[in-house]
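See structure below.
Protein chains: 2
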Amino acid sequence: MQMSSSRKVVELFYDVVSPYSWLGFEVLCRYRNVWNIELRLRPSLLGGVMKESGNRPPAMVPNKAVYMQSDLNRLAKYFSVPVCFPENPFEVMFEKGSLNAMRFLTAVSEKEISGDVMLERVSREIWKRIWSNDQDITLPESLSEAGLKAGLSASEVEELLQLYKSQPVKDRLKHTTEEAVKHMAFGFPLTVCHVDGKAEAFFGSDRFELLAHCIGEKWLGPQPDEQTAKI
Amino acid sequence: MQMSSSRKVVELFYDVVSPYSWLGFEVLCRYRNVWNIELRLRPSLLGGVMKESGNRPPAMVPNKAVYMQSDLNRLAKYFSVPVCFPENPFEVMFEKGSLNAMRFLTAVSEKEISGDVMLERVSREIWKRIWSNDQDITLPESLSEAGLKAGLSASEVEELLQLYKSQPVKDRLKHTTEEAVKHMAFGFPLTVCHVDGKAEAFFGSDRFELLAHCIGEKWLGPQPDEQTAKI
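Protein chains in written order, with the working numbering: chain A, 1 to 231; chain B, 232 to 462.
Here is the structure:
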């Protein structure tokens with residue numbers, strides 16, 4: 001990996017189907033300037049990671065599913081991220097999934113529209129659909145809506161809707177997912193900090209304090225700021 | 232449950248086979264006075280919880296096992312708890328297990344020697360054996376050694392070694408484990424905070440900040456103090 005600046009590079013591997021990824025995403029976006037890190041957003045496929053690692057979704061264990069809902073509600077409130085469970089979480093997570101959405105985000109990433117800014121915005125809009133408003137994220141018109149809301153032009157959306165079905169985009173998503181697996185991912189989010197030539201991987205959205213310690217910074221709590229108002 | 236004081240009651244369900252439980256145990260022992268909580272130690276059986284909840288050990292997923300080791304090493308250092316992986320963690324965790332140790336701790340709890348003080352000390356000595364010094368915790372002589380090191384008299388140890396095989400102690404361990412399952416446990420540690428007549432359950436050793444928030448207190452980091460020197 002090319003280190004383009006002297007700032008510490010922090011990669012976030014995520015999938016919009018994962019609500020814990022949304023928490024990690026918002027917190028790292030907030031801390032980007034506080035910690036002066038170069039945050040690299042890496043849209044990946046959770047399904048691929050689960051398959052490769054032989055893991056199974058936590059919600060398959062009934063007590064975990066119950067706990068996860070209460071845990072997420074508490075965390076969402078604490079971190080000021082408007083996570084709201086869809087009416088049929090199993091259908092949303094396991095039947096409909098996120099393949100198209102993650103291909104769409106990969107296409108956004110490929111195009112590098114306004115650097116990573118558009119990738120961040122479109123990711124957030126898709127999360128708001130699935131994990132806040134219980135809206136579809138599988139159909140082209142859903143992705144189009146999210147893209148327009150994020151500030152893409154109609155022609156950019158049109159182009160992305162062609163691009164996201166292309167082989168290079170499919171390959172790139174697969175490749176990013178494989179990279180996560182190389183960092184021993186078994187779920188998302190996976191945050192990889194590059195410190196002194198070493199990669200330190202953190203799973204989940206509950207190691208921020210340790211992550212800060214690892215990059216020589218301080219954890220200062222949820223830090224909801226003007227970023228939050230934008231969600 | 233009878234609330235015997237006006238302090239907030241926090242229960243910790245744990246098993247010495249679980250290294251994450253050790254972290255949770257030490258942190259809560261340190262914060263007992265900082266937060267002015269009534270900490271109730273609840274020795275339970277992880278194996279029973281896994282079976283009841285249909286969960287399987289995280290280490291069964293190879294990437295999780297690798298991650299767990301690096302995660303625990305980082306956390307142990309950060310929290311100043313001398314966790315050190317045994318040479319054969321699978322044998323220690325899944326073959327030898329903790330049934331005798333948890334029955335012994337249940338007997339200590341039953342006897343209420345010096346309130347909960349002895350339960351805390353003996354738990355710590357057993358954790359040091361299994362998760363710091365790679366020593367046995369299944370044989371009576373191992374439990375005896377831990378008990379003596381914790382400050383029990385030889386006659387107290389003798390009595391406990393009779394008591395821990397008795398039906399009432401077996402039943403009590405089973406009952407405590409069932410209580411944990413009622414709180415939707417699928418693993419340990421499980422911390423249950425009783426606030427305004429409501430029980431809030433937190434799984435793992437990575438929700439201290441949220442837990443503090445839940446009981447109206449502040450999380451101040453690892454807080455290694457004179458307690459730590461004693462480990």
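Glycine is no exception: its CB is placed at the ideal position from the N, C-alpha and C atoms.
Please name the residue, chosen from B/Pro-313, B/Glu-410, B/Lys-380, that lies closest to B/Val-258 on a Cα-to-Cα basis. The residue given as residue 258 of chain B occupies position 27 in the second sequence. Taking only the C-alpha atoms, the option nearest B/Val-258 is B/Pro-313.
Using three-state DSSP, classify A/Tyr-20 as helix, strand or coil. Start at 1 with the first residue of the first sequence, and residue 20 of chain A comes out as number 20. Helix at A/Tyr-20.
Assigned secondary structure, B/Glu-448 (DSSP; H/G/I helix, E/B strand, else coil): Counting from one through the second sequence, the residue named residue 448 of chain B turns up at place 217. B/Glu-448: coil per DSSP, three-state reduction.
Considering only the beta carbon of each residue, do A/Asn-73 and B/Met-415 sit closer than 7 Å? As a first step, residue 73 of chain A must be located in the first sequence, where it is residue number 73. As a first step, residue 415 of chain B must be located in the second sequence, where it is residue number 184. No.
Whole alpha helix (DSSP H) elements within the region 355 to 384 of chain B, 4-residue minimum: 371 to 381
At least one CB of chain D closer than 7 Å to the CB of A/Asp-206: is that the case? Here chain D cannot be found, since the structure's protein chains are A and B.
List, in chain order, every chain B residue whose beta-carbon is nearer than 7 Å to that of A/Met-184. The residue labelled residue 184 of chain A in the question sits at position 184 within the first sequence. Those within 7 Å of A/Met-184 in chain B are Asn-294, Val-297, Tyr-298.
Cβ-based neighbour list, B/Glu-341, same chain, cut-off 8 Å, excluding 5 preceding and 5 following: As a working note, residue 341 of chain B is residue 110 in the second sequence. Cβ neighbours of B/Glu-341 beyond the five flanking positions: Leu-394, Pro-399, Val-400, Arg-403.
Counterpart residues of B/Ile-344 in DSSP-defined beta bridges: Residue mapping note: residue 344 of chain B aligns to position 113 of the second sequence, counting from 1. BP columns for B/Ile-344 are empty, so no partner.
Under 8 Å Cβ-Cβ, which residues of chain B neighbour A/Leu-75? Walking along the first sequence from the start, residue 75 of chain A turns up at place 75. What A/Leu-75 touches in chain B: Leu-441.
In the DSSP output, which residue or residues are listed as bridge partners for A/Tyr-14? On the first sequence, position 14 is the one that residue 14 of chain A refers to. DSSP, once it has assigned bridges, lists A/Pro-43 as partnering A/Tyr-14.
Expected contact under 8 Å - CB spacing of B/Lys-264 and B/Arg-238 to nearest Å: Residue mapping note: residue 264 of chain B aligns to position 33 of the second sequence, counting from 1. Residue mapping note: residue 238 of chain B aligns to position 7 of the second sequence, counting from 1. It is Asn, not Lys, that sits at residue 264 of chain B in the sequence shown. Not really, about 11 Å apart at Cβ, beyond 8 Å.
Could you tell me the boundaries of the beta strand (DSSP E) in which B/Val-426 lies? Taking the second sequence and counting its residues from 1, one reaches residue 426 of chain B at position 195. Note, B/Val-426: beta strand (DSSP E), 421 to 426.
Whose Cβ in chain A lies nearer than 8 Å to the Cβ of B/Phe-434? Translated into positions along the second sequence, residue 434 of chain B becomes position 203. Near B/Phe-434 (Cβ distances below 8 Å), the residues of chain A are Tyr-67, Asp-71.
Any chance you could list the beta strand (DSSP E) runs of at least 3 consecutive residues sitting entirely within the region 27 to 88 of chain A, in chain order? Fully enclosed beta strand (DSSP E) runs of no fewer than 3 residues occupy 37 to 43 of the region 27 to 88 of chain A, in order along the chain.
Assuming contact is defined by CB atoms lying nearer than 7 Å, are B/Val-412 and B/Glu-269 in contact in what I supplied? Within the second sequence, residue 412 of chain B is the residue found at index 181, counting from 1. Within the second sequence, residue 269 of chain B is the residue found at index 38, counting from 1. It is not a contact, given that the beta carbons lie outside the stated cut-off.
Which listed residue (A/Glu-217, A/Val-192, A/Thr-106) has its alpha carbon closest to that of B/Tyr-298: Here residue 298 of chain B refers to the residue found at position 67 when the second sequence is read from its first residue. Of the candidates A/Glu-217, A/Val-192, A/Thr-106, the one whose C-alpha sits nearest the C-alpha of B/Tyr-298 is A/Val-192.
Spatial neighbours of A/Val-108 within its chain, please: C-beta separation below 7 Å, excluding the five flanking residues on both sides. Taking the first sequence and counting its residues from 1, the one referred to as residue 108 of chain A is at position 108. Excluding residues up to 5 positions away in sequence, Met-118, Leu-119, Val-122, Leu-160 lie with their Cβ nearer than 7 Å to the Cβ of A/Val-108 in the same chain.
Label A/Val-150 either buried or exposed according to how many other C-beta atoms from any shown protein chain fall within 10 Å of its C-beta, with 16 as the threshold for buried. For the purposes of this step, residue 150 of chain A is taken as residue 150 along the first sequence, with counting starting at 1. What sits at residue 150 of chain A in the sequence shown is Ala, not Val. In summary, A/Ala-150 is buried, with 16 or more beta-carbon neighbours lying within 10 Å of its beta-carbon over all protein chains present.
Beta-carbon neighbours of B/Tyr-309, restricted to chain A and to distances below 7 Å: The residue labelled residue 309 of chain B in the question sits at position 78 within the second sequence. The answer, in chain order, is Leu-210, His-213.
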